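Those sequence lines, one after another, are chains A and B. For the first sequence, the numbering used here assigns the number 21 to the initial residue and increments by one for each residue that follows. For the second sequence, the numbering used here assigns the number 21 to the initial residue and increments by one for each residue that follows. Notes to accompany the following structure.
There are 2 protein chains.
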Amino acid sequence: MRLTTKGRFAVTAMLDLALRQENGPVTLSGVAERQRISLSYLEQLFGKLRRQELVASVRGPGGGYCLARDARTISVAQIIIAVDEPLDATQCGGKENCLDEHRCMTHDLWSNLSRHMFDYLDSINLHDLMVQQRERNSHKVVLHDHAPRACSTEPASVQA
Amino acid sequence: MRLTTKGRFAVTAMLDLALRQENGPVTLSGVAERQRISLSYLEQLFGKLRRQELVASVRGPGGGYCLARDARTISVAQIIIAVDEPLDATQCGGKENCLDEHRCMTHDLWSNLSRHMFDYLDSINLHDLMVQQRERNSHKVVLHDHAPRACSTEPASVQA
DNA sequence: TATAAAGTCGACTGAAATGATCGGGAATTG
DNA sequence: CAATTCCCGATCATTTCAGTCGACTTTATA
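Here it is, written out as structure tokens:
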């Protein structure tokens, strides 16, 4: 499995988004500032996240990004796959031609490891992370002082 | 966790070694040829493996490498750590300064993933891989035709 | 003792991936 | 129209990976 800062940034950014979208679309520049990630880099990542339909975008002033689905239905694995493409620990990428057109001796080992990692990361969803984070921060919430735009199709508006 | 071909090569090479050391020290050039890994690259990897005391070397003609311990006591995780140094999925390498000297929101996630991967790879030892591989290959054994040198301290000589 | 077979070591290199930057767009609001 | 925000492609610097090279040491054996 590929585990790079790309995936890490994506998960962190998605969590930031999830924690703030109750106030309407979240701008990338906000995420960039809070999480210390370069804006242009975030744009690239969110391009992929949007194409995978994990987030939805709202253009224009007051726009930004929202989760495309409920946080409970977005797993960490999905986020990482979306930005990091291959979720595979084998050299051959599953083609089994690692050694002279045969599968190498350790092929199964890496396949199994891939599956393990995937299962673990797929068992954790954004909502889990939100809960953890709120526990840590004793529920600090920052509100916008202007009326937020709606998050497109998203009904959202969970929690009082 | 770092998972690169470095670690993959190391595990494959160690398995090759484990499967053949009954005939005395195994040369790196042999491993290189059988597993299609560049000799010089293997030398680097085995330098690390030796320093971590996973293998022992025998110099001079008829020399080569042997496992430094019983295959049952060498886990895949140990091999990977030996060559790939950091077994850590966090950005900060455990220093917890991922975000402005604080631990970032997803720090625990990556820590836990690291632990998961480690536990899995640590639960598999070289002997397990040997058994699997022998099952696949219906026990093909190639013998040297000259008397092999002993594997230094290693008593070894398991199996008839 | 000479030679060849091995390991040992450190510096170097090419290529790829990563992380980041830049500039110009298009959509949308007011 | 102007400001804000997303959108996209090209480009770039750095790091890491994987591999190479050359010089050296140790040791068996002819």
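No residue lacks a Cβ here, since even glycine has one placed at the ideal position from N, Cα and C. Only a predicted model underlies this, so the values are computations on that prediction, with no experimental measurement involved.
Any C-beta of chain B within less than 8 Å: which residues of the segment 21–45 of chain A qualify? Within the segment 21–45 of chain A, Met21, Leu23, Thr25, Arg28, Val31, Thr32, Leu35 and Asp36 place their CB atoms closer than 8 Å to a CB of chain B, listed in sequence order.
With DSSP collapsed to three states, give me the class of alanine 30(A). Reading the first sequence from its first residue, position 10 is the one you call residue 30(A). DSSP, read as helix, strand or coil, puts alanine 30(A) in helix.
Backbone secondary structure at asparagine 157(B) - three-state DSSP: Sequence index remark: in the second sequence, residue 157(B) carries index 137 (1-based). DSSP, read as helix, strand or coil, puts asparagine 157(B) in coil.
Around the C-beta of leucine 59(B), are 16 or more other C-beta atoms found within 10 angstroms, so that it is buried, or is it exposed? One-based indexing of the second sequence puts residue 59(B) at position 39. A residue is called buried when at least 16 other Cβ atoms come within 10 angstroms of its Cβ; leucine 59(B) does not meet this threshold and is exposed.
Are leucine 65(A) and alanine 33(A) touching if we call contact CB-CB under 8 Å? For the purposes of this step, residue 65(A) is identified with residue 45 of the first sequence, where counting begins at 1. For the purposes of this step, residue 33(A) is identified with residue 13 of the first sequence, where counting begins at 1. A contact, by the Cβ cut-off of 8 Å.
Under three-state DSSP, which class holds alanine 88(A)? Along the first sequence, read from residue 1 onward, the residue named residue 88(A) stands at position 68. It is coil, neither helix nor strand.
Let me know if aspartate 139(A) comes out buried or exposed under the rule of 16 or more other beta-carbons within 10 Å of its beta-carbon. As a working mapping, residue 139(A) is identified with position 119 in the first sequence. Answer is exposed; the Cβ neighbour count stays below 16.
Cut-off 6 Å between Cβ atoms - residues of its own chain near threonine 24(A), not counting five sequence neighbours on either side: Start at 1 with the first residue of the first sequence, and residue 24(A) comes out as number 4. Closer than 6 Å at Cβ, skipping near neighbours: no residue.
Taking the straight line between their C-alpha atoms, what separation do you get for glutamine 111(B) and glutamine 152(A)? Taking the second sequence and counting its residues from 1, one reaches residue 111(B) at position 91. Taking the first sequence and counting its residues from 1, one reaches residue 152(A) at position 132. Low confidence applies here, because glutamine 111(B) scores a pLDDT of 46, under 50, leaving its location unreliable; read the following figure in that light. Near 19 Å, if we compare the C-alpha coordinates of glutamine 152(A) and glutamine 111(B).
Name the chain B residues that come within less than 7 Å of glutamine 72(A), Cβ to Cβ? The residue you call residue 72(A) lines up with position 52 of the first sequence. What glutamine 72(A) touches in chain B: nothing, since even the nearest Cβ is about 19 Å away.
Short CB-CB distance (under 8 Å) between leucine 133(A) and chain B: Counted from its first residue, the first sequence places residue 133(A) at position 113. Yes, because at least one Cβ of chain B sits closer than 8 Å to the Cβ of leucine 133(A).
Threonine 126(B) versus chain A: which residues are under 8 Å apart at the beta carbon? Position 106 of the second sequence, counted from the first residue, corresponds to residue 126(B). Going along chain A in sequence order, the residues near threonine 126(B) (Cβ under 8 Å) are Arg28, Val31, Thr32, Leu35 and Leu149.
By Cβ distance below 6 Å, which residues in the same chain neighbour isoleucine 57(A) in space, the five residues on each side in sequence not counted? Locating residue 57(A) in the first sequence gives position 37, where the first residue counts as 1. Excluding residues within five positions, the ones whose Cβ falls inside 6 Å are Phe29.
Work out the CA separation of aspartate 128(B) and arginine 71(A) for me, nearest whole Å. What you label residue 71(A) is simply residue 51 of the first sequence in a count that begins at 1. What you label residue 128(B) is simply residue 108 of the second sequence in a count that begins at 1. Answer to the nearest angstrom: the Cα atoms are 28 Å apart.
If you draw a straight line from the C-alpha of asparagine 145(B) to the C-alpha of valine 78(A), how long is it? The residue given as residue 145(B) occupies position 125 in the second sequence. The residue given as residue 78(A) occupies position 58 in the first sequence. Roughly 52 Å separates the two Cα atoms.
What do you get for arginine 40(A), buried or exposed, if any count of 16 or more other CB atoms within 10 angstroms of its CB means buried? Within the first sequence, residue 40(A) is the residue found at index 20, counting from 1. Classification for arginine 40(A): buried.
Alpha carbon to alpha carbon, how far is histidine 136(A) from proline 45(B)? Give it in angstroms, no decimals. Numbered from 1 along the second sequence, position 25 holds the residue referred to as residue 45(B). Numbered from 1 along the first sequence, position 116 holds the residue referred to as residue 136(A). Distance between the alpha carbons of proline 45(B) and histidine 136(A) is about 35 Å.
Using DSSP with H/G/I as helix, E/B as strand and the rest coil, what is serine 77(A)? Mapped onto the first sequence, residue 77(A) falls at position 57. Secondary structure of serine 77(A) (DSSP, three-state): strand.
At the level of alpha carbons, what is the spacing between tyrosine 85(A) and alanine 170(A)? The residue you call residue 85(A) lines up with position 65 of the first sequence. The residue you call residue 170(A) lines up with position 150 of the first sequence. When the Cα atoms are used, tyrosine 85(A) and alanine 170(A) turn out to be separated by approximately 11 Å.
Cβ separation of leucine 133(B) and leucine 141(A), assumed to be a contact under 8 Å, to the nearest whole Å: Taking the second sequence and counting its residues from 1, one reaches residue 133(B) at position 113. Taking the first sequence and counting its residues from 1, one reaches residue 141(A) at position 121. Right, the Cβ-Cβ distance comes to about 7 Å (below 8 Å), so this counts as a contact.
Could you work out which residues of chain B lie near leucine 141(A), taking near to mean beta carbons separated by less than 8 Å? Counting from 1 along the first sequence, the entry for residue 141(A) is found at position 121. The answer, in chain order, is Leu133.
Pairwise C-alpha distance: leucine 149(A) and glycine 80(B): As a position in the second sequence, residue 80(B) is number 60, starting the count at 1. As a position in the first sequence, residue 149(A) is number 129, starting the count at 1. Cα to Cα, glycine 80(B) sits roughly 57 Å from leucine 149(A).
Using a Cβ-Cβ distance under 8 Å, would alanine 109(A) count as near chain B? By 1-based counting over the first sequence, the position of residue 109(A) is 89. Confidence is the limiting factor: at alanine 109(A) the pLDDT is only 44, short of 50, which leaves the residue's position unreliable, though a coordinate-based value still follows. Judged by the 8 Å Cβ criterion, alanine 109(A) is in contact with chain B.
Since histidine 147(B) and alanine 91(B) should fall inside the 8 Å C-beta cutoff, what is the C-beta to C-beta distance between them, to a whole number of angstroms? Start at 1 with the first residue of the second sequence, and residue 147(B) comes out as number 127. Start at 1 with the first residue of the second sequence, and residue 91(B) comes out as number 71. Taking C-beta atoms under 8 Å as the contact rule, histidine 147(B) and alanine 91(B) qualify, at a distance of about 4 Å.
Restricting to Cα atoms, I'd like to know which of Ser143(B), Val96(B), Thr126(B) and Met125(B) is closest to threonine 126(A). On the first sequence, position 106 is the one that residue 126(A) refers to. Of the listed residues, the one whose Cα sits closest to threonine 126(A) is Val96(B).
Please report how far the alpha carbon of glycine 83(A) lies from the alpha carbon of lysine 26(A), in whole angstroms. Working through the first sequence from its first residue, we reach residue 83(A) at position 63. Working through the first sequence from its first residue, we reach residue 26(A) at position 6. The alpha-carbon separation between glycine 83(A) and lysine 26(A) amounts to approximately 24 Å.
List the residues that DSSP assigns as beta-bridge partners of asparagine 145(B). The residue you call residue 145(B) lines up with position 125 of the second sequence. Partner(s): Ser95(B).
Looking at leucine 62(B): is its Cβ nearer than 8 Å to the Cβ of leucine 48(B)? Your numbering for residue 62(B) matches position 42 in the second sequence. Your numbering for residue 48(B) matches position 28 in the second sequence. Yes, the pair counts as a contact, with Cβ atoms nearer than the cut-off.
Would isoleucine 100(B) and valine 31(B) qualify as a contact pair, given that the criterion is a beta-carbon distance under 8 Å? The sequence position of residue 100(B) within the second sequence is 80, counting from 1. The sequence position of residue 31(B) within the second sequence is 11, counting from 1. Between isoleucine 100(B) and valine 31(B), the CB-CB gap stays under 8 Å.
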